[in-house]
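Remarks on the structure that follows.
Residue numbers (the numbering used here): 180 to 340.
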C-alpha cells in the first residue's frame, strides 16, 4: 500500500510539472485562451514590413502595450497594412504618433515601437497612424555600402611640386 501511494504522488507531481510547462509555453508564445476585450484597433501603413509577424509586440518606451493582429497588402496604395491591437488603458495616444518597425538586438525579432506625438486629438478604434517608419533591411544596407565603395575610384598619387 505504501508503494502505491508513493507512485500516485510521483505521478501527480509529474502531471503538475507538465501542466506548468504547458502554461509557460502558452504565455511565452503569446497565445491565450481568452480573447482580450479591453483593446482597440489601430491601422498603420508601411512601405516595407520585412520580417514583421502576426502576434509581434507593440511597445512604447520599452513597455508592451499591444500586439500585431493582422498584416496584409493594401491594394490601392501597394503598401503593407498592419493592424495593431492596443490596450484600452493606453487610450491617450495622439494622432501624430509615429510607428516604427524595430529589431530586438542585431538580428532579433521585429516589433513595432510607438513614439508619442504632440497633438491634442487622440487615436480611437479604427484610426490610422500616418507617420510610419519601415523596417531596416540589413541586406539593403550592405548593398548600398558595397555599391558606394565600388563606385569610388582610388585617388591617383599626385606628383609633389
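Glycine included, each C-beta is placed from N, C-alpha and C at the ideal position.
Closest option to residue 291, judged by alpha-carbon separation, among 228, 203 and 187: 228. The beta-bridge partner set that DSSP reports for residue 225 consists of 259.
No residue range can be given for residue 313, since it is assigned to no beta strand (DSSP E) and is classified by DSSP as neither H nor E. Here residue 190 carries a helix assignment [DSSP, helix/strand/coil].
By the criterion of a C-beta distance shorter than 7 Å, residue 304 is surrounded in its chain by 219 and 220, once the five residues flanking it on both sides are discounted. Between residue 225 and residue 306, the C-beta gap is not smaller than 8 Å, which leaves the two residues out of contact.
When secondary structure is reduced to three states using DSSP, residue 235 falls in the coil class, being assigned neither helix nor strand. In the DSSP annotation of this structure, the continuous segment of the beta strand (DSSP E) that includes residue 243 starts and ends at 242-253. Put simply, the backbone Cα of residue 283 is about 12 Å away from that of residue 237. In the DSSP secondary-structure assignment, residue 320 is not bridged to any residue. Around the beta carbon of residue 204, a 10 Å sphere encloses fewer than 16 other beta carbons of the protein chains shown; the residue is thus reported as exposed. If the five residues before and after residue 294 are omitted, its C-beta is found closer than 6 Å to the C-beta atoms of 277, all from its own chain and listed in chain order. Within the same chain, and ignoring the five residues on either side of residue 298 in sequence, the residues whose Cβ sits closer than 6 Å to its Cβ are 273, 274 and 275.
In chain order, 267 place their CB closer than 6 Å to the CB of residue 217, counting only its own chain and leaving out the 5 sequence neighbours on each side.
At the C-beta level, residue 261 and residue 223 come within 8 Å of one another.
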